[in-house]
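For the sequence shown, counting from 1, position 207 maps to 206 in numbering that gives the first Met the number 0; every step adds exactly one. Note that beta-carbon positions come from the ideal geometry of N, C-alpha and C, so glycine has one too. These notes are about the structure you will find just below.
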Amino acid sequence: MEKSLDRDATRVWRSLGAPLTRREALRRCLFGAGGLLLLNGWGLQSFAATRPAKAKSVIQVWLWGGPCHIDTFDPKPEAGRDYCGPLDSPIETNVSGIRIGQLLPTLAKQADKFSIIRSLTHGNNGHETAAYMVQTGHNAGGRDVYPSAGAVVSLFKGYDAGYQGLIPPYIVLTEPQGRFSEAGFLGGKYKPFATGGDPGRPVFEVEGVVAAGISEQRQRERRSLLQKLNTLGKAMPGDATLKTLYASEDQAYELILGDAGKLFDLTREPADLRDRYGRNTFGQSCLMARRLVEKGVPYVTINYKGWDTHKQHFQAMNRKLPELDKGLATLLDDLAQRGLLDSTIVWVSGEFGRTPKVQWEAPWNGGRNHFGKVFSAVVAGGGFKGGQVVGASNATGEEVRERPVYPCDLLGSMYELLGIDPQAPLPHPQGQQVHVLPLASEGVKSGGRLREIM
C-alpha cells in the first residue's frame, strides 16, 4: 500500500491543478450577486416580469450531421421510390392526422407530447455554417462569433443568475461538435462542460470526475496523501489565498467522491428503465439528461453523431432510427411521469436536412447529401403544445410550401418560454451593441415566433 501511495504522490500534486482548471465553471458561484446586478441591467428582470418563464431547462438532442426529414418527421410516401426508398410506409401516431416515419413506432405513441416543425429553412448546406445558424440564430460570416443557445441560457440562467450547485449549468453529452465555439464572444466562462466518456458503458467515466481504473478507495487515499504532503498549508494557517484554493479543492473532491458526483452514476437507476431507454450511448445519454434537468441543470446537449449519410443512407437509418425512437420516446414519457416535461423544453434537430431525392448512382449508392432549403425539428415541453404540426413542405419535401420557420424564430420562441428576452443585449468584449438574437434591422429572415404552439 505504501509503495502504491508513493507512486501516486507526483500524480496527486499534478492532478490537483487539472481538476481546478477543469472546474473553472464551478467557481463561478462566487460571482452570483454581481452577476444578478449585471443581468438586471440588461433588462432580464423586466422581461421576466411581463412574460414569466414556463420552462426551467432545455434538453437539446442534436442530430449531428443532419437527419433526413422525409425518413423521420415529414414522410412523403406518395413521392415514390426515388424520394422514399424502402421507407415508404409511414405510420399513424396517437394524434389523428399526423404520420411519422415507419421506423419510429414508439415515438408515434407519444405524438401528443411533441410538436413537429416541418418548414425549417435557412438555405445553407455547410456543416459548420449551418450548425452555427441553427444554434445561434445569427447569419454566418459576420465579424462576431455569437454564443450558442446553451451559452446564452448559461449566461441568463447559470451562476451569474444565482444558479447553485457543483454541476455546471451547461452540459454536453459527451463531446462538443467542434463546428464552432459554443461560447462565442462570451468567452470560456460560458463554454459547456463536456463529459467525455460513454454513458452506455458499465462505468460512465466522466472527465475529471471518474478516473478510469481508479477506485473510490484509491481516490480517498490520494487525497489523504495530498493533505499529509501539504507543508505549505501547515506553515501558513489561515492564509486567505490558500483558503480559496482549499475551497475549490473541496468542490472538486465533492464531485469525485461526494453526493454530487453520484449524479453521473447510472447504475442507481432501475435496470428496467435503463433497458427502456436503450443500452446504447444515445439511450443512456437521454437518461443522463433527465437526471441532470431533474437536478436543476438549465441546459443539456446530447450530441448524437452518425447522421451525415452521404452513402448507404438507408442501411444507416435502419440502425439509427430505432435508437432515436426508443431513447427519445422514453425520455418524453419519463419526463412526463416525473412532472418534469412541463418545465423542460426538449428540442430535436440537426443543422439541416438531407436531399429528398435519393442519389442511387455511384459513389453514393443510395445516399442523401446536405439540404438546408427545408428540414424538420421536434419540440416538446416547457410551454410548447403537443400534438401539433407547424408549417409544411411541398409534395417532394424540396421546398417550403407554407409557414417558413427560420432558426431565430425557433430559438426566440424557446428563449421566451425560458423567460429570456430575445432582444436583450449581450456583454461584448469590445463594448459593441449586440443582442441575443438579431434585430429586424439586421436583415436576418424571420417568419415570427411559434405562437401557434406556445
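Taking a contact to require three or more Cβ pairs closer than 8 angstroms, the region 119-138 and the region 94-110 do not qualify as touching. Per DSSP, reduced to three states, the secondary structure at S180 is coil, with no helix or strand assignment. Taking a 10 Å sphere around the C-beta of A439, we find fewer than 16 other C-beta atoms and assign the residue as exposed. Sorting H434, A394, G446 by C-alpha distance to the C-alpha of L154 places H434 at the top. For V60, the secondary structure class from DSSP, reduced to helix, strand or coil, is strand.
If you keep only unbroken beta strand (DSSP E) runs of at least 3 residues inside the region 130-185, you get 169-172. Contact annotation, H126 with F374: C-beta distance approximately 13 angstroms; criterion of less than 8 angstroms not satisfied.
DSSP, reduced to helix, strand and coil, places H434 within a strand of the structure shown. Nearest to T266 by C-alpha distance, out of V296, H309, E204, L323, is E204. Taking each of I116, G326, G141 in turn and checking the Cα distance to R448, the smallest one comes out for I116. In terms of Cα proximity to M287, the closest of G338, G196, F313, F113 is G196. Burial is judged here by how many other beta carbons sit within 10 angstroms of a residue's own beta carbon; R337 has fewer than 16 and is exposed. Annotation: W63 to P236 spans about 51 angstroms, alpha carbon to alpha carbon. Under DSSP, F383 forms a beta bridge with G380.
Between D332 and Q59, the C-beta spacing is not below 8 angstroms. The Cβ-Cβ distance between Q134 and S147 falls below 8 angstroms. If you check the CB distance, E350 and G65 come in under 8 angstroms. No Cβ-Cβ contact shorter than 8 angstroms links M316 with D143. In the structure shown, F351 falls within a coil segment according to DSSP collapsed to helix, strand and coil. By the CB criterion at 8 angstroms, Y169 and Y189 fall inside the cutoff. C-alpha of H427 to C-alpha of E181: approximately 15 angstroms in a straight line. Looking at the DSSP output, I115 shares a beta bridge with V377, V388. Cβ-Cβ separation between Q176 and A130: approximately 6 angstroms, consistent with a contact (criterion under 8 angstroms). Between the alpha carbons of G371 and G84 lies a gap of roughly 20 angstroms. T49 sits exposed, since fewer than 16 C-beta atoms from the chains shown fall within 10 Å of its C-beta. When the five nearest sequence neighbours on each side are left out, the beta carbons in the same chain lying within less than 8 angstroms of the beta carbon of E91 are those of I97, R98, A107, in order along the chain.
For N317, no beta strand (DSSP E) encloses it; the enclosing alpha helix (DSSP H) starts and ends at 312-336. Within the DSSP secondary-structure output, Q283 pairs in no beta bridge. Between A394 and E401, the C-beta gap is not smaller than 8 angstroms, which leaves the two residues out of contact. When rounded, the separation of the alpha-carbon atoms in G381 and P269 is 26 angstroms. Annotation: the continuous alpha helix (DSSP H) that includes R80 extends over 80-83. In the three-state DSSP reduction, A107 falls in the helix class (H, G or I).
Pairing P104 with P89 gives a Cβ-Cβ distance that is not under 8 angstroms.
In this structure, L340 is the residue among L340, Y276, L172, R273 with its C-alpha nearest to the C-alpha of K112.
Under DSSP, I452 takes part in no beta bridge, so it has no partner.
In the assembly as shown, P201 is an exposed residue. Its beta-carbon has fewer than 16 other beta-carbons within 10 Å.
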